[in-house]
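So for the sequence shown, the numbering used here puts the first residue at 37; every next one is plus one. The structure under discussion appears below in the form of structure tokens.
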Amino acid sequence: VPSKIHINSVIEDIGERLILEIGHRFPRFIGKPLAHGAGEARIPATFGKDASSEEANQRMLIAAKRTGYIELIDGDTLIDQARRHDLVLRLQYQPGDFTHVGRTLVEAWPPERCDDEAARVIRDAFSVSSRRSALQDLRFLIDELVEIAARALSPGVNDPFTAVTCMDWLGAALSDMAGRELPSHLRVDDDGMLRVIAHPETFDGFMDRSFGALAQYSAADMVAALRFIRALGEVSLDCDDPDRLALISGYADKLEVLAEKSLGGFNLERVKQRADELRHALREPDYKRRLRDSAAWLGGTA
């Protein structure tokens, strides 16, 4: 019992920090984000998807001097240097990524405006550590919850209730995120000039990192599978975006396909019925409301 209390406290701490960091991170970014769909024309040709070899060579590559995990990126410094030298910077890494000596951290354009001192300051804006941390890395907190849940569902442990707790916190965090607008990866300065092209952070990516990673483990246990679907339902309650609702429905589909390979009989029928109810709720808002009001399984069940 003491060990169970301990792991639940650990999960709670991770979950609360994840929700807190989501609140802090969105819409807080390096510089000011452009509206979705705006600014693509501002991207220099050298950074374009169809850049020629000649255009692609028109970049200054700023390489890492240390090996380890990107722990922190000083966005204010990047914006300041880009503005001071009239540059556009494209980041090749984000917090939580592993890099090593010689790997390109940032590409700068136009290269003739980025002197050695500017390159040094830009490089020093990246803090590299021997281990990952949650300092600027939401993925790290998600990964921790996924790892605890996956281990709990392993044959040697077989503790679905610990996994269920992880899914509850993941559902709460993604539900919070589902109601937020995630700004563009194109960041501008105070004058509206494009300065930084960062890695896009998307709802799709965070869903894949959490529910996508857990689907294979949850599908083999009825208790975990049912809570997986309920957590998806919780995420949907604060979401009106059709694309995001379709994405949530897709994870119910994936879980069901995996469950058909691992479960049978009554257990499989319960999972399939619950998945059908969720898909119905995602298609028809009125059914979702009635399902929640019934206190059957979506929302509170007291």
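Ideal Cβ positions, reconstructed from N, Cα and C, are used throughout, including at glycine.
- Here DSSP, grouped into helix, strand and coil, assigns Ile-233 to strand.
- Excluding sequence positions up to five before and after Ala-81, its CB lies within less than 7 Å of the CB of Ala-87 and Glu-91, all in the same chain and listed in chain order.
- With fewer than 16 other beta carbons inside 10 angstroms of its own, Phe-134 counts as exposed.
- Positions of the alpha helix (DSSP H) runs, each at least 4 residues long and wholly inside the stretch 121 to 190, are given as 152 to 160 and 174 to 188 in order along the chain.
- From the listed residues Ala-199, Asp-110, Leu-283 and Leu-314, the smallest Cα separation to Ile-47 is found for Ala-199.
- The beta carbon of Tyr-129 lies closer than 7 Å to those of Ile-106, Thr-135 and Leu-141 in the same chain, with the five residues before and after it left out.
- Exposure of His-316 is indicated by the presence of fewer than 16 other C-beta atoms within 10 angstroms of its C-beta.
- For the pair Asn-194 and Gly-59, the Cα-to-Cα distance works out to about 34 Å.
- Distances from the CA of Ser-211 to each of Tyr-323, Ser-165 and Leu-56 were compared; the closest alpha carbon is that of Leu-56.
- Counting C-beta pairs closer than 8 Å gives three or more between the stretch 163 to 181 and the stretch 95 to 114, which meets the contact rule.
- Of all alpha-carbon atoms in Leu-222, Phe-239 and Asp-225, the one lying nearest the alpha-carbon of Ala-214 is that of Phe-239.
- For Gly-84, there is no enclosing beta strand (DSSP E), as DSSP marks it with neither H nor E.
- Taking every protein chain shown into account, the CB of Pro-191 has fewer than 16 other CB atoms within 10 angstroms, so this residue is exposed.
- The residue among Leu-281, Thr-201 and Asp-244 with its C-alpha nearest the C-alpha of His-42 is Thr-201.
- The C-beta of Phe-264 has 16 or more other C-beta atoms within 10 Å across all chains shown, which makes the residue buried.
- With the rule of 3 Cβ pairs closer than 8 Å, the stretch 216 to 231 counts as touching the stretch 107 to 126.
- Boundaries of the beta strand (DSSP E) around Ala-99: 96 to 99.
- In this structure, DSSP gives Val-193 a state outside helix and strand, which the three-state scheme calls coil.
- If you draw a straight line from the Cα of Ala-295 to the Cα of Leu-114, it is about 47 Å long.
- With three or more CB-CB distances shorter than 8 Å, the stretch 93 to 101 counts as touching the stretch 138 to 152.
- Distance from Gly-132 to Arg-168 at the Cβ level is roughly 6 Å; contact confirmed, criterion being Cβ atoms closer than 8 Å.
- Just so you know, the alpha carbons of Leu-299 and Met-203 end up roughly 20 Å apart.
- Rounded to whole angstroms, the Cβ separation of Ala-260 and Pro-219 is 34 Å, and the two are not in contact under 8 Å.
- DSSP, reduced to helix, strand and coil, places Ile-55 within a helical segment of the structure shown.
- Here DSSP, grouped into helix, strand and coil, assigns Glu-292 to helix.
- In the assembly as shown, Ser-89 is an exposed residue. Its beta-carbon has fewer than 16 other beta-carbons within 10 Å.
- By the Cβ test, the stretch 269 to 276 is not in contact with the stretch 252 to 259, since fewer than three Cβ pairs between them sit closer than 8 Å.
- Contact check for Leu-250 against Ser-285 fails: the beta carbons are separated by 8 Å or more.
- Assignment of beta-bridge partners to Ile-106 by DSSP yields Val-164.
- For Leu-222, the three-state secondary structure derived from DSSP is strand.
- The residue from Glu-183, Tyr-253 and Asp-277 with its alpha-carbon nearest to that of Arg-216 is Asp-277.
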